[in-house]
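J.: Mind looking over this structure? Questions follow.
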Amino acid sequence: MQANPFRPFDTAFDQETALKHLQNATHGADDGELFIEKRSSEVLSFDDGKIKNASFDASEGFGLRAVQGETTGYAHATTLDEHALKRAVHTARLAVKGDSGSIATAPAGTNVKLYTDENPMEQASFPAKIDLLREIDDYARGLDKRVIQVTATLAASHQEIVILRPDGHLVTDTRPMSRLNISIIVEENGRRESGTSGGGGRTGLSGLIARENWQAVAQEALRVAVVNLAAEPAPAGIMDVLLGPGWPGILLHEAIGHGLEGDFNRKGTSAFAGLMGQQIAAKGVTVLDDGTLPDRRGSISIDDEGTPSAKNTLIEDGVLTGYMQDRQNARLMGVQPTGNGRRESYAHAPMPRMTNTYMISGPDDPAAMRADLKDGIYAVGFGGGQVDITNGKFVFSCTEAYRVKNGVVGAPVKGATLIGDGATALKHIRAIGNDMALDPGIGNCGKAGQWVPVGVGQPSLLIGGLTVGGAAT
Numbered sequence: 019m020q021a022n023p024f025r026p027f028d029t030a031f032d033q034e035t036a037l038k039h040l041q042n043a044t045h046g047a048d049d050g051e052l053f054i055e056k057r058s059s060e061v062l063s064f065d066d067g068k069i070k071n072a073s074f075d076a077s078e079g080f081g082l083r084a085v086q087g088e089t090t091g092y093a094h095a096t097t098l099d100e101h102a103l104k105r106a107v108h109t110a111r112l113a114v115k116g117d118s119g120s121i122a123t124a125p126a127g128t129n130v131k132l133y134t135d136e137n138p139m140e141q142a143s144f145p146a147k148i149d150l151l152r153e154i155d156d157y158a159r160g161l162d163k164r165v166i167q168v169t170a171t172l173a174a175s176h177q178e179i180v181i182l183r184p185d186g187h188l189v190t191d192t193r194p195m196s197r198l199n200i201s202i203i204v205e206e207n208g209r210r211e212s213g214t215s216g217g218g219g220r221t222g223l224s225g226l227i228a229r230e231n232w233q234a235v236a237q238e239a240l241r242v243a244v245v246n247l248a249a250e251p252a253p254a255g256i257m258d259v260l261l262g263p264g265w266p267g268i269l270l271h272e273a274i275g276h277g278l279e280g281d282f283n284r285k286g287t288s289a290f291a292g293l294m295g296q297q298i299a300a301k302g303v304t305v306l307d308d309g310t311l312p313d314r315r316g317s318i319s320i321d322d323e324g325t326p327s328a329k330n331t332l333i334e335d336g337v338l339t340g341y342m343q344d345r346q347n348a349r350l351m352g353v354q355p356t357g358n359g360r361r362e363s364y365a366h367a368p369m370p371r372m373t374n375t376y377m378i379s380g381p382d383d384p385a386a387m388r389a390d391l392k393d394g395i396y397a398v399g400f401g402g403g404q405v406d407i408t409n410g411k412f413v414f415s416c417t418e419a420y421r422v423k424n425g426v427v428g429a430p431v432k433g434a435t436l437i438g439d440g441a442t443a444l445k446h447i448r449a450i451g452n453d454m455a456l457d458p459g460i461g462n463c464g465k466a467g468q469w470v471p472v473g474v475g476q477p478s479l480l481i482g483g484l485t486v487g488g489a490a491t
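Numbering follows the working numbering, with no gaps: position 179 of the sequence shown is 197.
If you want it as structure tokens, here you go:
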């Protein structure tokens, strides 16, 4: 159990006073809330044989929102006191014209708790964490004489939120997060390459810092680095691409996930706007956004408006069946919120965001899928990418990929980028593996300047006709 739970109404201002100011701010509005947050985070990084970074951050504050139609009034403060709350009321009221609005019904309650309340930062002492990072460094360097640099990072955070609505409805949530990441650089014959591995979730540190876990992470980082030592220049052209399971789901997350968020579709700026009920993907393609998976990085017991998280079907057997919604866009579109109203912190207003977005397994054997690939790329690792939401066009760089000819997986390739658009890629899916996997817990998603943790996943996917950027052959 959490030793000292966050109780802002006991220490900052009483709940009755806060409710009075919130009701003043939202009088005549359609919706609104008082969002109060306390957060602490720690990052320890060991690089090149020494401590590179040891940081701790603690913050608290509130955000006050009043919503009328498409207009939002939002004010936030880093101090929890009545004076700051009064000033916030004045700012939020600027969005409310007249008093004809009727406050929307509060979200349904939930007793579901998807993760522990414990603070992961308190599960190991500072000296013990430093000793662990030093041990990881020594171990990784001893794995292979070609290792010339190791970077090990341990990060943890603890977020507590309280959401008060104008009708007095009150909800709370406590959210842990932890992550271990290891990067290794190897050198051979003057050539240097790198590999990275890691993961985490809404859990404590105990599983991450267990010897069997961090040794496996280090070994995987080394494997990727060594693979890249043998990589050849990537081919260029239009070809079939086989995506591996798990983390490659980041491509679909970006290429189609943002396009299925409610705000883009309400405004008609998404490539999928107006296509509800239509076939937008190949038969067999079913995509979910599920914030209810226990301990996962993208999971939330409630969203940042107080709506319980849900398992939402976005695409079913290739047909568009749903969008991800916050309260404002759901109301304006005449549908129900889906538990996807998320914000980076108290300083940000909520908007529709993904949680854990993944495609479910299909009927195909991954080995047979590789054997059927006559001339293409097998991509199992991805780095950064860019996406245009209005047309779904994407560019993604591969961190681990292989050339495939006549069903034989050949040499690794370096510098491969995948270029296409989400709507076309969905329709060109030719085979769906039976090996769906979720990513190891490394995803962050950016939108409108806000970053939130997310999860992705997919089975092996064979997609026809993607443009591969690389060295011309």
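Think of the CB as a built atom: it goes at the ideal place given N, C-alpha and C, for glycine as much as any other residue.
1) When you compare only the Cα positions, how much space is there between Gly399 and Ile318?
2) Across the region 297-308 and the region 440-448, are there enough close Cβ pairs to call them in contact, namely three or more that are closer than 8 Å?
3) So Gly464 and Gly219 are supposed to be a Cβ contact under 8 Å. How far apart are they, rounded?
4) For Gln41, I'd like the list of residues in its chain whose CB is within less than 8 Å of its CB, leaving aside the five on either flank, ordered along the chain.
5) Here's a check: name, in chain order, each residue in its chain whose Cβ is nearer than 6 Å to the Cβ of Phe64, leaving out the five neighbours to either side.
6) Judging by CA-CA distance, which residue of Tyr376, Ala158, Gln86 and Asp322 is the nearest neighbour of Glu362?
7) His276 by DSSP, collapsed to three states: which one?
8) Which term fits Arg209, buried or exposed, when burial requires 16 or more other beta carbons within 10 angstroms of its beta carbon?
9) Quick check on the burial criterion: 16 or more other C-beta atoms within 10 angstroms. Buried or exposed for Gly451?
10) Tell me whether Ala174 counts as near the ligand NAD, meaning its Cβ is closer than 8 Å to at least one heavy atom of that ligand.
11) CB Leu223 to CB Leu172, shorter than 9 Å?
12) By the 10 Å Cβ neighbour count, where 16 or more other Cβ atoms means buried, how is Val426 classified, buried or exposed?
13) Would you identify the three-state DSSP class for Val486, choosing helix, strand or coil?
14) Please report the distance separating the alpha-carbon of Ala328 from that of Leu278.
15) State the DSSP-derived secondary structure class of Asn129, mapped to helix, strand or coil.
16) Measure from the alpha carbon of Val158 to the alpha carbon of each residue in Pro263, Glu88 and Ala243, then state which is nearest.
17) With 16 as the cutoff for other CB atoms within 10 Å, does Phe74 come out buried or exposed?
18) Taking DSSP as the reference, what is the three-state secondary structure of Asn283?
19) On the CB-based measure, 16 or more other CB atoms within 10 Å of its CB, does Asp48 come out buried or exposed?
20) For Ala490, does the count of other Cβ atoms within 10 angstroms reach 16, so buried, or fall short, so exposed?
21) Do Val486 and Thr435 have their C-beta atoms closer together than 9 Å?
22) Give the DSSP-derived three-state secondary structure of Ala455 in the structure shown.
23) By how many angstroms is the C-alpha of Thr304 removed from the C-alpha of Ala126?
24) Which two residues bound the contiguous beta strand (DSSP E) that contains Phe400?
25) Is the separation between the beta-carbon of Pro26 and that of Ile54 shorter than 9 Å?
26) Mark Glu272 as exposed unless 16 or more other C-beta atoms lie within 10 angstroms of its C-beta, in which case mark it buried.
27) Can we say the region 396-410 touches the region 256-270, given the rule of at least three CB pairs closer than 8 Å?
28) Met19: buried (16+ other C-beta within 10 angstroms of its C-beta) or exposed?
29) Would the region 104-119 and the region 85-96 be scored as touching if the rule is three or more Cβ pairs under 8 Å?
30) Taking buried to mean at least 16 other C-beta atoms within 10 Å of its own C-beta, is Ile166 buried or exposed?
31) Grouping DSSP H, G and I as helix and E and B as strand, with all else coil, what is Gly225?
32) Spatial neighbours of Asp66 within its chain, please: C-beta separation below 7 Å, excluding the five flanking residues on both sides.
33) Which of the three DSSP states is assigned to Pro23 in this structure?
34) Could you tell me which uninterrupted alpha helix (DSSP H) segments, each at least 4 residues in length, are contained entirely in the region 184-240, listed from first to last along the chain?
35) Quick one: grab the DSSP three-state call for Met351.
36) Use the C-beta contact count for Ile333: other C-beta atoms within 10 angstroms, 16 or more gives buried, fewer gives exposed.
T.: In brief:
1) Their backbone Cα atoms lie some 26 Å apart in a straight line.
2) The answer is yes - the region 440-448 touches the region 297-308, with three or more Cβ pairs under 8 Å.
3) With a beta-carbon spacing of about 20 Å, Gly464 and Gly219 fall beyond the 8 Å limit used to define contacts.
4) Cβ contact annotation for Gln41 (same chain, cutoff 8 Å, sequence separation greater than five): Pro184, in chain order.
5) The residues Leu151, Asp155 and Ala170, in chain order, have a CB closer than 6 Å to that of Phe64 in the same chain once the five nearest residues on each side in sequence are set aside.
6) In terms of CA proximity to Glu362, Asp322 leads the group Tyr376, Ala158, Gln86 and Asp322.
7) Three-state result, His276: helix.
8) Burial call: exposed.
9) The residue in question, Gly451, is buried, as its Cβ has 16 or more Cβ neighbours within 10 Å.
10) Of the ligands one can find in the structure shown there are none, so the ligand NAD has no counterpart to examine.
11) In this structure, Leu172 lies closer than 9 Å to Leu223 by Cβ.
12) By the neighbour-count rule (16 or more Cβ atoms within 10 Å), Val426 is not buried but exposed.
13) Note: Val486 maps to strand in three-state DSSP.
14) Computed Cα separation, rounded: 16 Å.
15) Residue state, collapsed to three classes: coil.
16) Reading the sequence as shown, one finds Ala at residue 158 and not Val. Selected option, being the one with the closest Cα: Ala243.
17) Here Phe74 is exposed, its C-beta having fewer than 16 other C-beta atoms within 10 Å.
18) Three-state result, Asn283: helix.
19) Burial state of Asp48 is buried, judged by a 10 Å Cβ sphere holding 16 or more other Cβ atoms.
20) Its pLDDT being 49, under 50, Ala490 is placed unreliably by the model, and the measurement read from it follows with that caveat. Exposed, since its Cβ has fewer than 16 Cβ neighbours within 10 Å.
21) Yes; because the gap between Cβ atoms is below 9 Å, this pair is in contact.
22) DSSP places Ala455 in strand when its eight states are reduced to three.
23) Rounded to the nearest angstrom, the gap between the Cα atoms of Ala126 and Thr304 is 27 Å.
24) According to the DSSP assignment, Phe400 belongs to the beta strand (DSSP E) that extends over Asp393 to Asp406.
25) In contact: Pro26 and Ile54 (Cβ atoms closer than 9 Å).
26) Buried is the call here.
27) Taking one beta carbon from each stretch, the region 396-410 and the region 256-270 have 3 or more pairs nearer than 8 Å; the two touch.
28) Low confidence applies to Met19: its pLDDT is 43, below 50, so where it sits in the model is not reliable enough to give any reading.
29) Contact holds: three or more Cβ-Cβ distances are below 8 Å.
30) Result: exposed.
31) Gly225 carries a helical assignment under DSSP once its states are collapsed to helix, strand and coil.
32) Excluding sequence neighbours, Asp66 sits near Gln167.
33) In the structure shown, Pro23 sits in coil (DSSP, three-state: anything other than H, G, I, E or B).
34) Counting whole runs of 4 or more residues, the region 184-240 contains the alpha helix (DSSP H) stretches 224-227.
35) In the structure shown, Met351 sits in a helix (DSSP, three-state: H, G or I).
36) By the neighbour-count rule (16 or more Cβ atoms within 10 Å), Ile333 is buried.
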